[in-house]
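Residue numbers (my numbering): 791 to 1050.
Accompanying notes for the structure given below.
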Ligand SMILES: NC(=O)c1ccc[n+]([C@@H]2O[C@H](COP(=O)([O-])OP(=O)(O)OC[C@H]3O[C@@H](n4cnc5c(N)ncnc54)[C@H](O)[C@@H]3O)[C@@H](O)[C@H]2O)c1
């Protein structure tokens, strides 16, 4: 039985761990040839090795998504080794939770650089290469914080709202060229991203770190936080021909926490 992404070349930025690594694995299971891009080279290597170990095809490419030269070079490398790009997922992201007046210019810039400029550069690299074939799919990782503002989260929310604006703009601009552009808005998923910020969130709500995830779960209609696998399945759907008539959308994967 062939997979939904058979022989399609797919890039996933921030593919070295967390949601990105899970998307890489699911894409490979569906037959895609995966370029695992991450600023953490070793992590990307490990994900690519695991995929190859399970019979899939993948290469690791070191890439800082905030650097245009790096992104273009990484895209070239993927095309040289795997073939013409069909799918590009802008998933790399960073997140800081802190009171607005403590948000330094550096934290603001870094958040916007990775989350929004990184998606901009990834979209340019992908679209340039997809246009000659009039075919391609881009998925941008936004967040439920791209739909609803949240305290102590100004830079992150600004970046993730921006990702949806970028997604809609490109969806319109390239709909006639066979390129679909969509976003995914996950709710809370327990990935390594939370290792560094669970204490910051605990402070914000006056909780113990161990109480943070149960607190989130209690606020979600489905009563639990999300799984990376659940986000990856939506990425497979959006990347596949099943989503042929879907562009410019931002899909919430949040157990009902956000409904618009
Ligand atoms: N985990 C959640 O609760 C959650 C919720 C909503 C949205 N998201 C979004 O999903 C995406 C993945 O999140 P995650 O939880 O898996 O995070 P994570 O921190 O576990 O993984 C992020 C990956 O991005 C890579 N990365 C960071 N900066 C980079 C750069 N400049 N260039 C290339 N790679 C870089 C990291 O090395 C890491 O491997 C992010 O965009 C995040 O904002 C996460």
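Don't be surprised by glycine CBs; every beta carbon is placed ideally from N, CA and C.
Small disclaimer: the values here were computed from a predicted structure and weren't measured.
Less than 9 Å separates the beta-carbon of residue 1033 from that of residue 972. By the Cβ-count criterion, residue 881 is buried, with 16 or more other Cβ atoms from all chains shown falling within 10 Å of its own Cβ. A distance below 7 Å between beta-carbons, with the five flanking residues on each side excluded, links residue 958 to the following residues of its chain, in chain order: 1038.
By the Cβ test, the stretch 945 to 953 is not in contact with the stretch 985 to 997, since fewer than three Cβ pairs between them sit closer than 8 Å. The residue from 1011, 984, 889 and 823 with its alpha-carbon nearest to that of residue 807 is 984. Counting only residues of its own chain and dropping the five nearest sequence neighbours on each side, residue 924 has a CB closer than 7 Å to the CB of 967 and 968. Under a 10 Å Cβ-count criterion, residue 871 is classified as exposed, with fewer than 16 other Cβ atoms of the shown protein chains found around its own Cβ. Contact check for residue 822 against residue 1029 passes: the beta carbons are separated by less than 9 Å. Counting C-beta pairs closer than 8 Å gives three or more between the stretch 791 to 803 and the stretch 812 to 831, which meets the contact rule. Beyond the five residues adjoining it in sequence on each side, residue 842 comes within less than 7 Å, by CB distance, of 848 in the same chain, given in chain order. Distance from the C-beta of residue 806 to the nearest heavy atom of ligand 1 is below 8 Å. By the neighbour-count definition (other C-beta atoms within 10 Å, threshold 16), residue 894 is an exposed residue.
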